[in-house]
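Novice:
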Amino acid sequence: MSRGSLLLKMELRSNPEMLCVVRNALGELAAKLGFSEPECRAVVLAVDEALTNIIRHAYLGDPEQSIEASFRRIHVLRDGKSEDALEILLEDSGATANPEKMCGRALEDVRPGGLGLHFIRKSMDTVEFSHSNGRNQLRLVKILHGQTTQKGS
Amino acid sequence: MQIAARHLDKITIFDISGDIDLATSPQLRKALLRELRELKMPRVVLNLGAVRYIDSSGVASLVEGLKASRDVGSRFILFGLNKTIREVLQLSKLVRIFEIYENEEQSVAP
Numbered sequence: 016m017s018r019g020s021l022l023l024k025m026e027l028r029s030n031p032e033m034l035c036v037v038r039n040a041l042g043e044l045a046a047k048l049g050f051s052e053p054e055c056r057a058v059v060l061a062v063d064e065a066l067t068n069i070i071r072h073a074y075l076g077d078p079e080q081s082i083e084a085s086f087r088r089i090h091v092l093r094d095g096k097s098e099d100a101l102e103i104l105l106e107d108s109g110a111t112a113n114p115e116k117m118c119g120r121a122l123e124d125v126r127p128g129g130l131g132l133h134f135i136r137k138s139m140d141t142v143e144f145s146h147s148n149g150r151n152q153l154r155l156v157k158i159l160h161g162q163t164t165q166k167g168s
Numbered sequence: 861m862q863i864a865a866r867h868l869d870k871i872t873i874f875d876i877s878g879d880i881d882l883a884t885s886p887q888l889r890k891a892l893l894r895e896l897r898e899l900k901m902p903r904v905v906l907n908l909g910a911v912r913y914i915d916s917s918g919v920a921s922l923v924e925g926l927k928a929s930r931d932v933g934s935r936f937i938l939f940g941l942n943k944t945i946r947e948v949l950q951l952s953k954l955v956r957i958f959e960i961y962e963n964e965e966q967s968v969a970p
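The listed protein sequences derive, respectively, from chains S and F.
According to the numbering used here, the first sequence is numbered sequentially starting from 16.
According to the numbering used here, the second sequence is numbered sequentially starting from 861.
#1: Kindly say whether R150/S, judged by its beta-carbon, lies nearer than 8 angstroms to any beta-carbon of chain F.
#2: Can you give the Cα-Cα distance for I937/F and I82/S, rounded to whole angstroms?
#3: For the region 25-58 of chain S, list every residue whose C-beta sits within 9 angstroms of some C-beta in chain F, in sequence order.
#4: Below 8 angstroms between beta carbons: does that hold for L951/F and F134/S?
#5: What is the rounded straight-line gap between the Cα of S168/S and the Cα of R93/S?
#6: Distance cutoff 8 angstroms, beta carbons only. Does R961/F sit that close to anything in chain S?
#7: For G925/F, which three-state DSSP category applies?
#8: Checking the sheet assignment: what are the DSSP bridge partners for G19/S?
#9: From which residue to which residue does the beta strand (DSSP E) around Q862/F run?
#10: So which residues on chain F does G131/S lean against when the C-beta distance must stay under 9 angstroms?
#11: In this structure, how does DSSP classify G167/S when only helix, strand and coil are distinguished?
#12: Taking Cβ-Cβ distances below 7 angstroms as the criterion, which residues of the region 84-109 of chain S are in contact with chain F?
#13: List the whole-angstrom C-beta distance separating S885/F from S929/F, where the pair is believed to meet the contact cut-off of C-beta under 8 angstroms.
#14: Would a C-beta distance cut-off of 8 angstroms place V919/F and V948/F closer than the cut-off?
#15: Could you tell me which whole alpha helix (DSSP H) segments of length 4 or greater appear in the region 38-107 of chain S?
#16: What residue from S29/S, S147/S, L130/S has the CA that sits closest to Y74/S's CA?
#17: Contact between the region 144-155 of chain S and the region 871-891 of chain F is defined here as three or more beta-carbon pairs at a separation below 8 angstroms; is this criterion met?
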């Protein structure tokens, strides 16, 4: 997998009012990359939910903290073919979540809350959490279906 | 997000527009719980026709409204769901728990 080309980078405050700004920018970006309308909605939903989790759980609702979001076009190898994809990295310096507790909840359990991670996993092809140097990083990848590139191109 | 309430006999109809997300869902939750828990309206209807976006916090507010309606024996009805809202409710697998109609006429019918 190559590191790909940077398309957009944002540093935003952990204020819920910023969510609509990110959604609007990302929706435009995903459409320009060639994602279908349902795929654009899926990517926007996943990032909105991920940012919501950072605001609520990493920063405990403090609206003055910093979140970095970067968006790259990358190539991923799948079944021996190189495919175009959108890679999204979200980084924060808040409390680190325990991956073992980040399992969402059973959907049969009808109650408010706990749906965000389920939405993220259903919407993206890759969801990876990591932590280094005091920072949390969430890596999301959405493959651009129908945009296969020649290996090595 | 904007919420406007209308009253039709013993029915409250909320006309909701814009985005329901972490920033705005507390306002929706508060309006729903007031109508159901405090005013005990027998039927609360949400017109979602002008809602552009809903996330998990918005879905959570709808679930809270539904639970409150069950607690007080009211009906909690949604109508005017566009593709975006249907997708999110289907993704949550909660679409089957709500009473959903196509339009206002069906939602306020006796």
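All residues carry an ideal CB built from backbone N, CA and C; glycine is no exception.
Specialist: Per the coordinate set shown:
#1: Counting from one through the first sequence, the residue named residue 150/S turns up at place 135. So no, R150/S is outside the interface.
#2: Here residue 937/F refers to the residue found at position 77 of the second sequence. Here residue 82/S refers to the residue found at position 67 of the first sequence. So the alpha carbons of these two residues sit roughly 37 angstroms apart.
#3: N30, P31, E32, M33, L34, C35, R38, E52, P53, R56, A57
#4: By one-based count along the second sequence, residue 951/F stands at place 91. By one-based count along the first sequence, residue 134/S stands at place 119. Yes, they are a contact pair.
#5: Taking the first sequence and counting its residues from 1, one reaches residue 168/S at position 153. Taking the first sequence and counting its residues from 1, one reaches residue 93/S at position 78. Only weak support is given to the placement of S168/S: the predicted model assigns it a pLDDT of 38, under 50, and the question is left unresolved by the model.
#6: The count along the second sequence starts at 1 and reaches residue 961/F at position 101. Looking at the sequence itself, residue 961/F is Tyr, so the reference to Arg does not match. Under the Cβ criterion of 8 angstroms, Y961/F is not counted among the residues facing chain S.
#7: Sequence index remark: in the second sequence, residue 925/F carries index 65 (1-based). If DSSP states are grouped into helix, strand and coil, G925/F belongs with the helices.
#8: Sequence index remark: in the first sequence, residue 19/S carries index 4 (1-based). Answer is none; G19/S lacks a bridge partner.
#9: Indexing the second sequence from 1 puts residue 862/F at position 2. It spans 862-868 - the beta strand (DSSP E) in which Q862/F sits, taken as one unbroken run.
#10: Counted from its first residue, the first sequence places residue 131/S at position 116. Per Cβ cutoff of 9 angstroms: D915, S916, S917.
#11: Reading the first sequence from its first residue, position 152 is the one you call residue 167/S. Confidence at G167/S is low in this model, with a pLDDT of 41, below 50, so the placement of that residue should be treated as unreliable; the coordinate-derived value is given next. Coil.
#12: none
#13: Locating residue 885/F in the second sequence gives position 25, counting from the first residue. Locating residue 929/F in the second sequence gives position 69, counting from the first residue. Actually they are not in contact, since the Cβ atoms of S885/F and S929/F sit about 17 angstroms apart, beyond 8 angstroms.
#14: Your numbering for residue 919/F matches position 59 in the second sequence. Your numbering for residue 948/F matches position 88 in the second sequence. Contact flag set, yes.
#15: Taking 4 residues as the minimum length, the alpha helix (DSSP H) runs contained wholly in the region 38-107 of chain S are 52-68, in order along the chain.
#16: Counted from its first residue, the first sequence places residue 74/S at position 59. Comparing Cα positions, the closest option is S29/S.
#17: no
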